[in-house]
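See structure below.
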Amino acid sequence: MEALKDLADRLERGQGVSRQQQAFINSIASGGGNLSMA
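Each residue of the sequence shown is one higher than the one before, starting from 92 at the first, in our numbering.
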């Protein structure tokens, strides 16, 4: 889940995260979805 932590970290700092990535992160953060990231 390192990739997810990195994305979340970037999101907090507002660095180059696309709307699509934001929606993806938000869906995971809210516990929705059975997506697995290596």
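Heads up, the beta-carbon is just placed ideally off N, CA and C, and yes, glycines get one too.
Please read all numbers here as calculations on a predicted model, not as lab measurements.
Once the 5 residues before and after residue i are set aside, which same chain residues still bring their CB inside 8 Å of it?
i, result
"residue 112", "98 and 102"
Note down the Cα distance separating residue i from residue j, rounded to an integer number of angstroms.
i, j, result
"residue 115", "residue 104", "17 Å"
"residue 118", "residue 95", "12 Å"
"residue 110", "residue 120", "15 Å"
"residue 122", "residue 93", "17 Å"
Identify whether residue i lies in helix, strand or coil by the three-state DSSP scheme.
i, result
"residue 121", "coil"
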